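Reading through the structure tokens given below for one structure.
In this note's numbering, the protein residues as written are 11 to 548.
This is the structure we're talking about:
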């Protein structure tokens, strides 16, 4: 059996069926669900939409489903899959949807009857004289009739697999075209439509829309750590990189855990990461991520440069904010009207570049209150890429974030958690060996002293009191005192990286994971505001 010729990131339709099958390493449960829908489709089939971010594997799923139908004798005898091109730039009206289906069927079947019928159809349309509406109605009916005749001739129903279905609906924006499509999908049992979209389609939940409740929504979730591991192992086996993947999964577990956080379970991004890891198996995480960022540059730049000028400004402000933010804050920062900022934010949501967050209640004048809606970048890795290109200071903050996450990731069960934590502090260069040695000396003095509380001020040198006081208690095995000292420093707004890391670590050891995560959130907020530099001791 021939192995895959290479990793394909954007065009799974280019792959031969066997290659695609070999590279289809995750989402098997979703494929099984889609196959079941086809198998169980009755005389009124349930149409479906795959919803997932860019890079979540929607195009691959549609192509894999087409091959799965052809591979199954049970399904192949009843269904004929038509996998449309991802971009149907020629589509302007409903008749084009049926004509495109006929052309894809002709490519697959190479049937003389169909070729002759299509030639006759084209001749009839060229000779027709009528106004635009009449011409479209006649063309749509003729194309759909020919598609139905082919279905009868094959004795098979169609599965229409349409990627970027949101763009198709935008092209069919007229009410007449929308109602006509709904009528066909509701009334014609020989058609089953499975589409894919990277953004929610408001029309599917709008009571006044012809598409209301027409589709079952199957939402693709980010890959879990287990699925991520399965993907990387599978790619390693296919491309002879088992050792590189195994070294990361077994010997660099912290790197893998941070990877799962930063790459957000995006299948395409993880595949790109695999290609980078294969080239640089011994590189640190920061270097690997920068290479992954670089390979996304052309794609992400095209997305941003496709926005209008005002939309680019609002996107920039939103990306730099990182946290969910409001139209008011963006309007104030950019010096534009709140209505303008709000309109651009909603457009970013429509374009799949931002999402709405939770709303909050804000006190108004007197006793009144008002709701404020928040927005944030839809794909967090996109936001990271953007910040990496926003100057040296932002890049340093992100490198610091990577160091922090590497330290914060959980320790192996067979090691002493505190010692593993301290080793990672040094590995990430968050504290140098000299300061650690000094802290160990102070910790030993604490262990032998019977008057810890009274002698703390005398025992600590000024440097250690300000810099690594909580760490000294940690080294001395005094977890409660380490927590108390770190919490005290937080209250005094002395939120150095070691203070916060120590606090999160201690609370984690005590089983208080919610408090540990709260410490993490606070730390990240301080990094984003520039109050903390993880690369420094304080």
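Here a beta-carbon is modelled for each residue, glycine too, at the ideal position from N, C-alpha and C. Keep in mind that this is a model prediction, so the values were computed, not measured.
- Note on geometry: alpha-carbon atoms of residue 292 and residue 300 lie some 14 Å from one another.
- For residue 198, the secondary structure class from DSSP, reduced to helix, strand or coil, is coil.
- The Cβ atoms of residue 230 and residue 60 sit closer than 8 Å to each other.
- Between residue 328 and residue 282, the C-beta gap is not smaller than 8 Å, which leaves the two residues out of contact.
- Here residue 222 is exposed, its C-beta having fewer than 16 other C-beta atoms within 10 Å.
- Residue 323 counts as buried, since no fewer than 16 other beta carbons sit within 10 angstroms of its beta carbon.
- Each residue's CA atom was taken as its position, placing residue 266 and residue 233 some 13 Å apart.
- According to the DSSP secondary-structure assignment, residue 274 is paired through a beta bridge with no residue.
- For residue 398 against residue 390, the beta-carbon gap comes to about 13 Å, at or over 8 Å, which does not count as contact.
- In the three-state DSSP reduction, residue 91 falls in the strand class (E or B).
- The continuous beta strand (DSSP E) containing residue 169 extends over residues 167-172.
- The C-beta separation of residue 340 from residue 351 comes to about 5 Å, placing the pair in contact by the 8 Å criterion.
- Contact check for residue 206 against residue 68 passes: the beta carbons are separated by less than 8 Å.
- DSSP, read as helix, strand or coil, puts residue 204 in strand.
- Between the alpha carbons of residue 497 and residue 490 lies a gap of roughly 10 Å.
- In the structure shown, residue 226 adopts extended strand secondary structure according to DSSP, grouped into three states.
- Taking each of 342, 383, 226 in turn and checking the Cα distance to residue 57, the smallest one comes out for 226.
- Across the set 47, 449, 53, 33, the C-alpha of 53 shows the shortest separation from the C-alpha of residue 197.
- Pairing residue 41 with residue 75 gives a Cβ-Cβ distance under 8 Å.
- The C-beta distance from residue 481 to residue 449 rounds to 5 Å, short enough to meet the 8 Å contact threshold.
- Residue burial annotation: residue 311 is exposed, with fewer than 16 other C-beta atoms found within 10 angstroms of its C-beta.
- Excluding five sequence positions before and after residue 279, the CB atoms of its chain that fall closer than 8 Å to its own CB belong to 65, 273, 302, 306, 391, given in chain order.
- Across the structure, residue 336 and residue 80 are spaced so that their CA atoms are roughly 50 Å apart.
- If you check the CB distance, residue 202 and residue 48 come in under 8 Å.
- In the DSSP assignment, residue 219 falls outside any beta strand (DSSP E), carrying neither H nor E.
- With a cut-off of 8 Å on Cβ pairs, the segment 86-106 is in contact with the segment 144-152, counting three or more such pairs.
- Excluding five sequence positions before and after residue 297, the CB atoms of its chain that fall closer than 7 Å to its own CB belong to 290, given in chain order.
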